[in-house]
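J.: A single structure is presented below for examination.
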Ligand code: HEC
Ligand code: HEC
């Protein structure tokens, strides 16, 4: 008597009887299906890796333009310099390289004497910067890191020497502690992370390196702009002294409210609203719109100093890059947001009224 199968596994399934059109057996079809699925998987894997492979190949190029190589001059506008040289038959590339390292290179005597940068922090600063920041801000600080193309807003290009969130008057470079604060707190509502877990000394090192990139980068940018204007190799010494003076002022006194915050009352909020809405008051409404949603009549077609489109903030979300404490908002309204259309009100509106605007902006947050 044939042995009874005691489990389904031992049971002989009636496979042989399962036939597909063309007379192929079930097993053959199954093998074909596995092969097909393996091919699909392999294809999927390649597709998934493509962005990484592209990112790798862009790692040494700048911004959106893969033709711009950093290798020649370590500056983002190597191509503009090459165009200038081709146009004028001058050698700006060599002049720029020499002037840049003479006035603002890591071993520059001028830089050492100027006191602009704490030179002993540069090496550890560069090391940490390369590790934590270059993926977004790029090794040379031009904001074209490998992750940058996917980010909105874009990571800052430090090489123009312009920073948005500073406690200095309109047009002035940031204080060390402004940069330290940005690195420590990050910028809410953007991809700029906070680095509060990084040891404090390291953050100070990074601040010096960012200053270095900004000082040196803005000098190189000025040289290039002046060369195009004058159609000649510009006098490096004059430009170097302008840059040095500008950044020495970065240690000037920060903007402080001339009075401390008054208690928030329905009256201060109402006064803030009046100023916000009135064309003869602060006229915030023209950009931020009557409800503060960033949809005012002037809110179209703005570009920031880095050439990217920018919109007035939707104030009802209650997320502010420079922080949402009253003092942070006061500062943003007093000093403006540099490099963007958001104006500075410090010289046109009294401290008492700026506080009222702060209270009104805080009251806009929708729950
Ligand atoms: C994931 C991407 C990313 C990384 C990593 C990153 N940043 Fe940023 N960072 C940004 C973006 C985006 C902005 C611009 C935000 C804006 O425009 O409001 C920014 C802005 C800044 C600013 C300008 C602030 C101002 O007032 O204008 C500084 C300074 C800065 N980052 C420093 C750093 C440093 C230092 C590191 C490394 C320790 C770092 N960032 C790492 C994305 C990044
Ligand atoms: C000319 C247009 C314009 C006017 C007028 C204007 N803003 Fe802005 N504002 C902007 C833009 C653009 C931004 C976005 C800046 C950015 O994205 O970095 C902004 C951002 C802000 C922020 C966010 C700051 C942060 O930390 O994120 C606040 C708060 C603000 N504005 C308040 C005001 C108030 C209050 C007034 C009137 C006193 C005003 N704005 C007038 C254009 C304007």
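Numbering (my numbering), first residue to last: -1 to 365.
Cβ atoms here follow ideal geometry from the backbone N, Cα and C, with glycine treated the same way.
When the Cα atoms are used, what is the spatial distance from residue 126 to residue 289?
T.: In a straight line, the C-alpha of residue 126 is about 43 Å away from that of residue 289.
J.: According to DSSP, what are the bridge partners of residue 301?
T.: In DSSP, residue 301 forms a bridge with 307.
J.: Between residue 167 and ligand 1, is there a pair consisting of the residue's CB and a ligand heavy atom that are separated by less than 7 Å?
T.: Every heavy atom of ligand 1 is 7 Å or more from the Cβ of residue 167, so no.
J.: Check whether the stretch 302 to 315 and the stretch 336 to 345 touch, using three or more Cβ-Cβ pairs below 8 Å as the test.
T.: A contact exists between the stretch 302 to 315 and the stretch 336 to 345.
J.: For the alpha helix (DSSP H) that residue 221 lies in, which residues bound it at each end?
T.: That run of the alpha helix (DSSP H) goes 198 to 228.
J.: Threshold first: 4 residues or longer. Then list the alpha helix (DSSP H) segments lying entirely within the stretch 94 to 182, N to C.
T.: As far as the stretch 94 to 182 is concerned, its whole alpha helix (DSSP H) runs of at least 4 residues are 107 to 112, 120 to 130 and 132 to 135.
J.: Output the boundary residues of the alpha helix (DSSP H) element that contains residue 270.
T.: Where residue 270 is concerned, the enclosing alpha helix (DSSP H) stretches over 264 to 275.
J.: Does the Cβ of residue 179 have 16 or more other Cβ atoms within 10 Å, making it buried, or fewer, making it exposed?
T.: Buried: at least 16 other Cβ atoms inside 10 Å.
J.: Classify residue 364: buried if its beta carbon has 16 or more other beta carbons within 10 angstroms, exposed otherwise.
T.: The residue is exposed, with fewer than 16 neighbouring Cβ atoms inside 10 Å.
J.: Apart from the five residues just before and just after residue 207, which ones in its own chain have a Cβ nearer than 8 Å to its Cβ?
T.: Within the same chain, residue 207 has close Cβ partners 119, 120, 123, 124, 126 and 127.
J.: Could you give the DSSP three-state label for residue 347: helix, strand or coil?
T.: If DSSP states are grouped into helix, strand and coil, residue 347 belongs with coil.
J.: Once the 5 residues before and after residue 282 are set aside, which same chain residues still bring their CB inside 7 Å of it?
T.: Here the set comprises 274.
J.: So residue 176 and residue 161 are in contact, right, with Cβ under 8 Å, and what is the actual spacing, rounded?
T.: Rounded, the Cβ-Cβ distance is 7 Å, consistent with contact.
J.: Determine, using beta carbons only, whether residue 333 and residue 166 come nearer to each other than 8 Å.
T.: Contact flag set, yes.
J.: Closer than 7 Å by C-beta to residue 316: which residues in its own chain qualify, once you throw out the five before and the five after it? Chain order, please.
T.: Closer than 7 Å at the Cβ level, and outside the excluded window around residue 316, lie 322 and 363.
J.: Under the rule that 16 or more other beta-carbon atoms within 10 Å means buried, what is residue 352, buried or exposed?
T.: Buried, since its Cβ has 16 or more Cβ neighbours within 10 Å.
J.: Going by alpha carbons, who is nearest to residue 262 out of 143, 279, 312 and 356?
T.: With distances taken between Cα atoms, residue 262 lies closest to 356.
J.: First and last residue of the alpha helix (DSSP H) that includes residue 75?
T.: Element bounds for residue 75: n/a, residue is neither H nor E.
J.: Return the chain-ordered list of same chain residues with a C-beta closer than 7 Å to the C-beta of residue 145, the five sequence neighbours on each side being excluded.
T.: Cβ within range, chain order: 133 and 134.
J.: When burial is assigned at 16 or more other CB atoms within 10 Å of the CB, is residue 221 buried or exposed?
T.: By the neighbour-count rule (16 or more Cβ atoms within 10 Å), residue 221 is buried.
J.: Should residue 55 go down as buried or exposed, given a rule of 16 or more other Cβ atoms within 10 Å for buried?
T.: Because residue 55 carries a pLDDT of 43, less than 50, the predicted location of this residue cannot be relied on, and no value is offered for it.
J.: Comparing C-alpha positions only, which one of 242, 328 and 225 sits nearest to residue 214?
T.: Comparing Cα-Cα distances from residue 214 to each of 242, 328 and 225, the minimum goes to 242.
J.: Can you tell me whether residue 256 is buried or exposed, with buried defined as 16 or more other CB within 10 angstroms of its CB?
T.: Exposed is the call here.
J.: Could you check if residue 45 is buried or exposed, using at least 16 other CB atoms within 10 Å of its CB as the buried criterion?
T.: The residue is exposed, with fewer than 16 neighbouring Cβ atoms inside 10 Å.
J.: Excluding sequence positions up to five away, which residues of its chain have a Cβ less than 7 Å from the Cβ of residue 98?
T.: So the qualifying residues of the chain are 214, 217 and 218.
J.: Let's test the definition: count the other Cβ atoms within 10 Å of the Cβ of residue 173 and tell me whether it reaches 16, buried, or not, exposed.
T.: By the neighbour-count rule (16 or more Cβ atoms within 10 Å), residue 173 is buried.
J.: Tell me which residues share the same chain as residue 349 and place their Cβ nearer than 7 Å to its Cβ, disregarding the 5 neighbours each side in the sequence.
T.: Closer than 7 Å at Cβ, skipping near neighbours: 255, 256 and 257.
J.: Under a three-way DSSP split, which group does residue 327 fall into?
T.: Helix.
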